[in-house]
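Colleague:
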DNA sequence: CGGTTGTTTGAACTGATTCAATCTGTGTGG
DNA sequence: CCACACAGATTGAATCAGTTCAAACAACCG
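This is the structure:
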């Protein structure tokens, strides 16, 4: 059973709205909005930014999901971070050692790092805001490390599902979600093989925790799923 | 065969020297040095900072090694970051979800986040410097994720050894190192059991890549060890 | 010397991988 | 509209890496 993710039309997010929702003053948000930028469409699972290339740019995900990934010596891929709509990928100085791809088809705004730095330098409040986002991403990284290092494969997948709902969630803890990931992507995030991810998902369904209908996942037992995943959402602030 | 790490006397690092060595202007470094602070000794593997407590403080590791750790629902521990002498742990806003401990006995300078923020706000160059450290730590996090997610247990341990040499290294790629870790700590970093770490270390020795003499590790075949670990030090900048 | 912490080893077990084949949904071009 | 190609999902069997449990051993400390 396979369902297209091509047509997963996530609502586009306005830059100013996303930033104010995240707690930034509207005045400062519109400063960032004024940075000259271009909008591009990013296809899923296609090269977008390759590891090792210099990237003096700031990316803002207007819709869809991006991922940062690295490749081990043996060519095995690990996704190391996700950016959902309304989140950004900050500039790195020098070449970044990770690549960037779409998880689903996404719209991305690209601005120059120079413009961004200039504005941030001029407004300490803005610096503190960016700082806060960085801390959040750091906390997520740490949680992922716990996930890969210390949880079994079932808990890892369950945890990713919980986190995805929480990060895409429109506030209410919803009982369903359009699953944006292929099983291979889930494997690349949780450090497994797609074969095993498939078995884990089947298991979760057999246990009555989730139900899959095409590319939709219905959550049938939130408390148990969260317990299984030992998901404590406080790291998402 | 067990050797004390208690007496592993790492040289203490001056704050100004560490910061200038990392590329900060001496003038700015001494501004940070002027922040009122206290010096404390941190014992290895003892509670120092517990997860969940608010921490409006900045820590500077003068000597030794600190770690950040988290605990999974099942009580399994994962070390998510290391801070070697000369590195810092920045303040988090609100309670931090990770705890802090010593890997070895360490000296730590503690300053208040408020003083730190004030100075950083006033000096954009300083902000950019801190930014750079954050990017480096992010890159290390990502590499650890690849380590835990995609490498086998031998490569994980070998990678940690390589990284440790590179991060403690006084420039020259040395052929020996006082191993600062217990096998349990290596397990907590690489997401394994101490039993398996023991076997991996024995393996590495059997293969002639390392030799262990008490708490000292002699590196007998750097190129092969790095290949095995797929260690590419560029992520350390 | 005795207590504590860390290391080493063995045997049994299990979770996850690997390899390979098959199945299913989606989009494309005729 | 149908046939086909393709990407992703599903399943089984064999294998293996790493865990678990348990016991013994070594080094250090007071």
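Protein chains in written order, with the numbering used here: chain A, 13 to 249; chain B, 13 to 249.
Ideal placement from N, C-alpha and C gives every residue a C-beta, glycine not left out.
Terminal residues of the continuous beta strand (DSSP E) containing residue 135 of chain B?
Modeller: As a position in the second chain, residue 135 of chain B is number 123, starting the count at 1. Residue 135 of chain B -> no beta strand (DSSP E), and no H or E assigned at all.
Colleague: Return the first residue and the last residue of the alpha helix (DSSP H) that residue 83 of chain A is part of.
Modeller: What you label residue 83 of chain A is simply residue 71 of the first chain in a count that begins at 1. Taken as a continuous stretch (DSSP letters only), residue 83 of chain A belongs to no alpha helix (DSSP H), being part of the beta strand (DSSP E) at 77-83.
Colleague: Using a Cβ-Cβ cutoff of 9 Å, what residues of the stretch 104-130 of chain A are near chain B? List them in chain order.
Modeller: From the stretch 104-130 of chain A, only 104, 105, 106, 107, 108, 109, 110, 129 have a Cβ closer than 9 Å to chain B.
Colleague: Whose Cβ in chain A lies nearer than 7 Å to the Cβ of residue 160 of chain B?
Modeller: As a working note, residue 160 of chain B is residue 148 in the second chain. Per Cβ cutoff of 7 Å: 157, 160, 161, 203.
Colleague: List in chain order: all unbroken beta strand (DSSP E) runs of 3+ residues lying wholly within the stretch 39-114 of chain B.
Modeller: Runs of the beta strand (DSSP E) inside the stretch 39-114 of chain B: 49-54, 69-75, 77-83, 89-96, 111-114.
Colleague: Excluding sequence positions up to five away, which residues of its chain have a Cβ less than 7 Å from the Cβ of residue 92 of chain A?
Modeller: Taking the first chain and counting its residues from 1, one reaches residue 92 of chain A at position 80. Taken in chain order, the residues that qualify are 80, 81, 82, 110.
Colleague: Measuring CB to CB, does residue 23 of chain A end up less than 8 Å from residue 115 of chain A?
Modeller: The sequence position of residue 23 of chain A within the first chain is 11, counting from 1. The sequence position of residue 115 of chain A within the first chain is 103, counting from 1. No. Outside cutoff.
Colleague: Please list the terminal residues of the continuous alpha helix (DSSP H) segment that includes residue 120 of chain A.
Modeller: In the first chain, counting from the first residue as 1, residue 120 of chain A sits at position 108. That residue, residue 120 of chain A, is in no alpha helix (DSSP H); its beta strand (DSSP E) goes 118-124.
Colleague: Compare the C-beta of residue 148 of chain B with all C-beta atoms of chain A and state if any pair is closer than 8 Å.
Modeller: To locate residue 148 of chain B, count along the second chain from 1; it is residue 136. No, no contact with chain A.
Colleague: Show which residues of chain B have a CB atom less than 8 Å away from the CB atom of residue 35 of chain A.
Modeller: Working through the first chain from its first residue, we reach residue 35 of chain A at position 23. Simply none; closest approach about 11 Å.
Colleague: Taking a contact to mean a Cβ-Cβ separation below 8 Å, would you say residue 241 of chain B touches residue 174 of chain B in this structure?
Modeller: Reading the second chain from its first residue, position 229 is the one you call residue 241 of chain B. Reading the second chain from its first residue, position 162 is the one you call residue 174 of chain B. Yes; because the gap between Cβ atoms is below 8 Å, this pair is in contact.
Colleague: How about residue 87 of chain A: is its Cβ closer than 7 Å to a heavy atom in the ligand MG?
Modeller: Of ligands this structure carries none, so the ligand MG is not represented either.
Colleague: Out of B:42, B:97, B:171, state which residue places its alpha-carbon closest to the alpha-carbon of residue 238 of chain B.
Modeller: One-based indexing of the second chain puts residue 238 of chain B at position 226. Considering only alpha carbons, the answer is B:171.
Colleague: Within a Cβ cutoff of 6 Å, which residues of the same chain sit near residue 30 of chain B, ignoring the five residues on either side of it in sequence?
Modeller: On the second chain, position 18 is the one that residue 30 of chain B refers to. Result list for residue 30 of chain B: 98, in chain order.
Colleague: Pair every Cβ in the stretch 119-138 of chain B with every Cβ in the stretch 43-55 of chain B, then say whether three or more of these pairs are closer than 8 Å.
Modeller: Contact holds: three or more Cβ-Cβ distances are below 8 Å.
Colleague: Compute the beta-carbon to beta-carbon distance between residue 33 of chain A and residue 72 of chain A, rounded to the nearest angstrom, for a pair I have assumed lies under 8 Å.
Modeller: Position 21 of the first chain, counting from 1, holds the residue named residue 33 of chain A. Position 60 of the first chain, counting from 1, holds the residue named residue 72 of chain A. The Cβ separation is near 13 Å, so there is no contact.
Colleague: Taking the alpha-carbon of residue 195 of chain B as reference, which of B:69, B:38, B:232, B:214 has the nearest alpha-carbon?
Modeller: As a first step, residue 195 of chain B is located in the second chain; it is residue number 183 there, counting from the start. Among B:69, B:38, B:232, B:214, the Cα nearest to that of residue 195 of chain B is on B:214.
Colleague: Inspect the CB distances between the stretch 202-217 of chain A and the stretch 134-153 of chain A and report whether three or more fall short of 8 Å.
Modeller: At 8 Å Cβ cutoff, the stretches do not touch.
Colleague: Mind pulling the chain A residues with CB within less than 7 Å of residue 246 of chain B?
Modeller: The residue you call residue 246 of chain B lines up with position 234 of the second chain. Ordered by position in chain A, the residues that pass the 7 Å Cβ test against residue 246 of chain B are 109.
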